[in-house]
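A quick write-up on the structure given underneath.
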Amino acid sequence: MPSTLNLKIRGFKRGDLSELSSIEKASFKDPYPSALILTLSRMNPEHFLVAEASGRPVGYVSALVEPGGVVHLFSLAVHPEYRKLGVARSLLKALIGKLKAGGFSRLILEVRVSNRPAITLYRSLGFKSAGRIPSYYEDGEAAEVMVLTLSSH
Ligand SMILES: CC(C)(COP(=O)(O)OP(=O)(O)OC[C@H]1O[C@@H](n2cnc3c(N)ncnc32)[C@H](O)[C@@H]1OP(=O)(O)O)[C@@H](O)C(=O)NCCC(=O)NCCS
Numbered sequence: 109m110p111s112t113l114n115l116k117i118r119g120f121k122r123g124d125l126s127e128l129s130s131i132e133k134a135s136f137k138d139p140y141p142s143a144l145i146l147t148l149s150r151m152n153p154e155h156f157l158v159a160e161a162s163g164r165p166v167g168y169v170s171a172l173v174e175p176g177g178v179v180h181l182f183s184l185a186v187h188p189e190y191r192k193l194g195v196a197r198s199l200l201k202a203l204i205g206k207l208k209a210g211g212f213s214r215l216i217l218e219v220r221v222s223n224r225p226a227i228t229l230y231r232s233l234g235f236k237s238a239g240r241i242p243s244y245y246e247d248g249e250a251a252e253v254m255v256l257t258l259s260s261h
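My numbering puts the sequence shown at residues 109 to 261.
As structure tokens, then:
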């Protein structure tokens with residue numbers, strides 16, 4: 109990662125919303141509306157992390173705790189101009205650190221089976237494939253379910 113990136117991982121601020129909404133639109137076929145991004149940030153602020161580079165939000169990750177202590181990764185997106193610089197890896201490592209410190213057992217996610225960049229990233233962090241859900245997305249694509257074990261019990 110270039111040292112000029114000056115990356116900081118921090119919590120959500122209300123002023124991030126329009127930038128995060130643009131990143132979301134640039135990243136997904138079916139982006140979350142900004143109202144949902146705001147709701148996610150309020151539902152579980154501790155697990156909503158923003159990557160800031162030179163004072164600007166360039167990516168975010170959001171996860172929600174489900175009954176039973178399983179944590180679901182809801183969204184991960186990086187501004188197209190800031191990809192392949194380690195931003196998503198930094199966001200996920202920070203999230204995983206918080207989840208481990210909080211004693212959570214598993215982090216689970218669904219990803220489009222065609223999304224090689226994301227699947228490669230998740231595997232490199234220790235996620236394992238746990239099956240497929242056919243026609244999970246609105247356009248009919250299947251989801252790969254991936255799970256990261258956070259604790260040994
Ligand atoms: C997937 C995404 C979040 C990755 O963000 P990023 O900041 O570019 O990822 P990083 O730079 O931290 O990459 C970490 C690792 O991911 C993998 N990776 C990232 N982009 C990749 C690509 N285009 N092709 C193959 N592997 C890739 C590599 O293993 C990389 O490690 P390396 O740099 O040591 O090779 C980003 O491409 C994105 O926002 N995509 C659109 C939204 C999306 O698909 N989100 C995930 C939904 S489940």
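We put the CB at the ideal spot given by N, CA and C, even for glycine.
Closest option to Ala-159, judged by alpha-carbon separation, among Lys-236, Pro-139, Tyr-140 and Asp-124: Asp-124.
Rounded to whole angstroms, the separation of the alpha carbons of Phe-235 and Ala-171 is 15 angstroms. Pro-165 sits buried, since 16 or more C-beta atoms from the chains shown fall within 10 Å of its C-beta. The Cβ neighbour count for Ser-183, taken over all protein chains shown within 10 Å, is at least 16; the residue is labelled buried. Every alpha helix (DSSP H) of 4 residues or more that sits fully in the segment 180-231 is shown, in chain order, as 195-209.
For Lys-133, the enclosing alpha helix (DSSP H) begins and ends at 125-135.
At least one heavy atom of ligand 1 is found less than 6 angstroms from the C-beta of Val-219. Here the alpha carbon of Tyr-244 sits roughly 23 angstroms from the alpha carbon of Ser-129.
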